[in-house]
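Structure record follows, encoded as structure tokens.
Protein chains in written order, with the working numbering: chain A, 1 to 772; chain B, 773 to 1148.
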């Protein structure tokens, strides 16, 4: 059944609304307003205006209104001057106001009738008291002193006859027994700001409270009150109301800023389940139409009364991403998505369909969990298959090369000077490719483009050539992009929400651990094209710089994905901004990383500002260093020659790289290469490495200490000249002294040669000296 | 001590700013020394050393920026500071260093506690508060013996340094333990109020506002006046401010939104600062003071002087400001009503008659309520 969205305008705005027992009448109360409307399928009809005539009275200016739970003619209001009045709208004229209790010293904030005893009503006031009235008498029956500044809301519990809750401005919730006026039963601090509203759950013993600290909290009131759920809203909570027939749904409206009414599923406390956005000012009162969970009434400071049908609500939760992707340490990607109702639309499924031929796929259904949205989710884990990494294969690639082989090979073959930068880059990229370092290859190609032909003027002609080169691909992409492509992209780059994301991570970690194959990814940083959901595009681009650069940098790094993402994003836009403006519009609007605002700016400004690649090159180098490839990073810097000054890199960092690289080279005994690097350095501290003393101290054969004296054979500690003697013949050595670094024994070189021709162990200590 | 004889402009520091000695000022604290001082609330600020009392005092009453309070030296002896020159509120701030036993005979508790309306005890939330609670218990017991009408307020201070969850936890814990302490001592009837405060936001001002409001017997009347004034003038929210301290001594009954309050506070700062630069008068705040600020979200901040200490700051929508004449007329009614309310109190004090003041207040209120209603 579908209700028309009905609205009605009132003069003066309303502070509260209440529904009569039979759900046929609505009372609306405000500062200068007290009216009763009837509701039917066609809309609202004014039945009665209690503020007719000239009798303007302060006790008419109401903060709250409540219907009697028994008598459809009786209602009560709480006025700003503290007066609580009872009205009978069937009577006429001034007699409508049946009873007036002028007992509160300050503003009365709330009034409510007892659910089963029709004559009892209670009111809460700014003066910190709660008063209980019996409408058969003209005086209050009981007064409860809450000992707080101001009581903001009182509600009878539907589960216990005499219990009511009171919330107050000092953040406490109190539970009172009507019969015990001297002391409250339970008192606890619920919020760190004033609590403005509370509502009892219709079936469970739960109490929901809403506060200025922008939270709605659900308390389990069985025994000692315990916090069950917390919902974080964006604004001060004004009213809350449980949705009938739905255990976990609660409606709320805000006191400031936010004009919408939100219905929350308390198990998913970050995104509203449904929202009604009709009001143009702050909503002041909400009520569900009896037990009808599909119809909500609300009034607002915009002086309107709305009847909302649930079908018309926007569903923010549905627009949220139900996907999550995460990168593993070894370049694996796990990807979780919700399958049930959105399966045909989401990227997850289409993605796996198109990519199933590319990759090994493992599928695991996440076991049903408490998180209700997750029990229909499915997780995929993609692993990299080398054959489809998008690179033409070298013969050697069938077997992964050892890391150190690559290192040594690169160290020998990479050249750092002596040619033009373009040729250098070309050569080095070939070298990198040969050794399977695809990231480095891409980077070299990139450098060639930007710095190659003309050292310091990358901007225009380079970029134009660059865009031209990209054109076919761009166009192809633009035409090929299916309608859901951008969505997929953004899906992947955004988080879905706390829970699902967390879950994904957990699953991730778990799967990674029990997956022995994951290790195979170590040596070859994968360039898995799957993630981007652009498999069809990738397959067409063979060895293109930018696509690879993107893939490489996003997915290699175990480190900073955000940083890496920024790089391709900007890239992408620069291309897009060039020739095909019409495509750009649709394309980039949804293009992924929302955290790169500059992206948007770049493409909107018609004359594109000069794009400086320096920052990105620097980032790329940092990234390379982070993943353990200081070799390429440093080689790039050296090769750039003077252009390196454009890169925003700190000298200390570069110096560190120098030291690291030189150290590595030394370890592989690549002395010549190390020396060359040192010579190429422009940093003093590095250059000094070559100017240090080359002296090597021998050790004492007895105590193993270094003989750093002027006299190279006398040990200070042992006070002996033992180490000056040949360990074979026992005579003091003059001339060439051969010496084992392992055991510190040595002697005449010819003696040792003879000795080691027959033996393998040290003549003195039995150490396995390796004489060569 | 009456506010007739003080001549400090509202925005400057009192000339005797600094720590006067206990004996010098002792006599002036005598309750009921003048009729007018009775109309001002009197507050005692206590707490362990380094709990932030001096910072509170400097920030609230001397316009010190919160960051500068880092450089305040710790107050090492019992010191007293009077802030009663230009504010509606009369304050005395007492520092209680831990090692001084205030039960010693030289400590004239009758005089101290006898004249004060509220005792604010500051507890450092970031610190271990066991010692503070013990001290607090002793203070409360002592003060309650002397003066049973005293209101006890606990400021759980420096909450900017702790997370939202632990804010609530520490409030709950302190509440629980101090109530237990008091009931052990057989003082169940004492009611404690707790406030989470920080000098880095406006929570300290709000907490002070609540403390002060409890000490104003005319509060319900003031509130009612505001409640009448507001709907008749199309105003969303109005605060009656003490200009010097920027604490609000009354507001209408709708919930106080922090941002609105901060805006209004800032407006007072702006008005005072500007007018002390450009005003030809000696004082920055006088009967002609009024100001209007239009915000870019179609709302207007409107400030009017009420009396020497008080200003009314309203926030309203731009379209409602078309009827400025009505608002101004209503405001004049409101201002007259307020001055009558305070005069009534004064007169009553002076004549020492026991006429039921509430009744009279109500008369004033009704008359002006009708005035305002007629205009709309």
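Glycine included, every Cβ here is placed at the ideal spot set by N, Cα and C.
Rounded Cβ spacing between residue i and residue j (contact assumed at less than 8 Å)
i	j	result
residue 74/A	residue 18/A	That pair is no contact at about 11 Å.
residue 965/B	residue 926/B	7 Å
residue 195/A	residue 211/A	5 Å
residue 992/B	residue 31/A	Between residue 31/A and residue 992/B the Cβ distance is about 18 Å, and since that is not below 8 Å, they are no contact.
residue 64/A	residue 15/A	7 Å
residue 154/A	residue 110/A	5 Å
residue 898/B	residue 934/B	6 Å
residue 978/B	residue 1033/B	7 Å
Contact check, residue i vs residue j, beta carbons under 8 Å
i	j	result
residue 976/B	residue 815/B	no
residue 101/A	residue 305/A	no
residue 271/A	residue 296/A	no
residue 275/A	residue 320/A	no
residue 23/A	residue 35/A	no
residue 62/A	residue 29/A	yes
residue 151/A	residue 128/A	yes
residue 1161/B	residue 905/B	Lying before the first or after the last residue shown, residue 1161/B is absent from chain B, which here runs from 773 to 1148.
residue 124/A	residue 166/A	yes
residue 1082/B	residue 980/B	no
residue 729/A	residue 748/A	yes
residue 701/A	residue 754/A	no
residue 1048/B	residue 1079/B	no
residue 953/B	residue 930/B	no
residue 146/A	residue 168/A	yes
residue 439/A	residue 665/A	no
residue 204/A	residue 233/A	no
residue 415/A	residue 427/A	yes
Close beta carbons around residue i, own chain, < 7 Å, minus the five adjacent residues each side
i	result
residue 758/A	none
residue 20/A	67, 72
residue 141/A	132, 133, 134
residue 148/A	128, 168, 169, 170, 172
residue 367/A	With a pLDDT of 38 at residue 367/A, under the threshold of 50, the modelled position of this residue cannot be trusted, and the question is left open.
6 Å Cβ shell around residue i - same chain, five flanking residues per side excluded
i	result
residue 1011/B	1020, 1023, 1036, 1085
residue 253/A	238, 239, 261, 283, 286
residue 409/A	435
residue 1007/B	1086, 1088
residue 429/A	441, 444, 445
residue 646/A	614
residue 882/B	918
residue 795/B	Residue placement at residue 795/B cannot be trusted, given a pLDDT of 32 that sits under 50; the coordinates are not used to answer.
residue 990/B	1113
residue 1103/B	1076
Distance cut-off 7 Å: residue i Cβ against heavy atoms of the ligand MN
i	result
residue 227/A	Here there are no bound small molecules, and the ligand MN is not part of this structure.
* Is the region 322-334 of chain A touching the region 295-303 of chain A in the sense that three or more CB pairs, one from each, lie closer than 8 Å? -> The answer is no - the region 322-334 of chain A does not touch the region 295-303 of chain A, with fewer than three Cβ pairs under 8 Å.
* Asked: Is it a yes or a no for the region 658-671 of chain A touching the region 619-637 of chain A, going by three-plus beta-carbon pairs under 8 Å?
  -> Yes, the region 658-671 of chain A touches the region 619-637 of chain A.
* Quick check: the region 883-893 of chain B against the region 816-824 of chain B, are there 3 or more CB pairs under 8 Å? -> Counting Cβ pairs under 8 Å, three or more are found: they touch.
* Positions along the region 940-965 of chain B whose CB lies within less than 8 Å of some CB in chain A -> Look at the region 940-965 of chain B: the residues with a C-beta under 8 Å from a C-beta of chain A are 940, 943, 944, 947, 963, 965.
* **Residues within the region 89-119 of chain A neighbouring chain B, beta-carbon criterion of under 8 Å** => Taking 8 Å as the upper bound on Cβ-Cβ separation, chain B lies near residues 105, 106, 107, 109 of the region 89-119 of chain A.
* Determine which residues of the region 125-140 of chain A have a Cβ less than 9 Å from any Cβ of chain B, and write them out in chain order. => Hits within the stretch, in order: 126, 127.
* To do: Please name the residues in the region 986-1004 of chain B whose beta-carbon is closer than 9 Å to at least one beta-carbon of chain A, in chain order.
  => Per Cβ criterion, the list reads 986, 991, 992, 995, 996, 999, 1000, 1002, 1003, 1004.
* Closer than 7 Å, Cβ to any Cβ of chain B: which residues of the region 666-681 of chain A, in chain order? -> Taking 7 Å as the Cβ-Cβ cut-off against chain B, none of the residues of the region 666-681 of chain A qualify.
* To do: Can you give me, in chain order, the residues of the region 828-844 of chain B that have a beta carbon less than 7 Å from any beta carbon in chain A?
  => With the criterion set as a beta carbon lying under 7 Å from some beta carbon of chain A, the region 828-844 of chain B has no members that meet it.
* Please list the residues of the region 886-920 of chain B that have a C-beta atom closer than 7 Å to any C-beta atom in chain A, keeping them in chain order. => Residues are counted here when their Cβ sits less than 7 Å from a Cβ of chain A; for the region 886-920 of chain B the count is zero.
* Asked: Between the region 161-178 of chain A and chain B, which residues of the former have CB atoms less than 8 Å from a CB of the latter, in chain order?
  -> Listed in sequence order: 170, 171.
* To do: Could you run through the region 1005-1032 of chain B and flag, in chain order, every residue whose CB is less than 9 Å away from some CB of chain A?
  => Cβ proximity to chain A below 9 Å picks out 1008, 1024, 1025, 1026, 1027, 1028, 1029, 1030, 1031, 1032 from the region 1005-1032 of chain B.
* Asked: Just by C-beta distance, which residues in the region 236-247 of chain A are closer than 7 Å to chain B?
  -> From the region 236-247 of chain A, only 236 have a Cβ closer than 7 Å to chain B.
* Members of the region 966-985 of chain B near chain A, C-beta cut-off 9 Å -> Of all residues in the region 966-985 of chain B, 966, 967, 968, 982, 985 have a Cβ within less than 9 Å of some Cβ in chain A.
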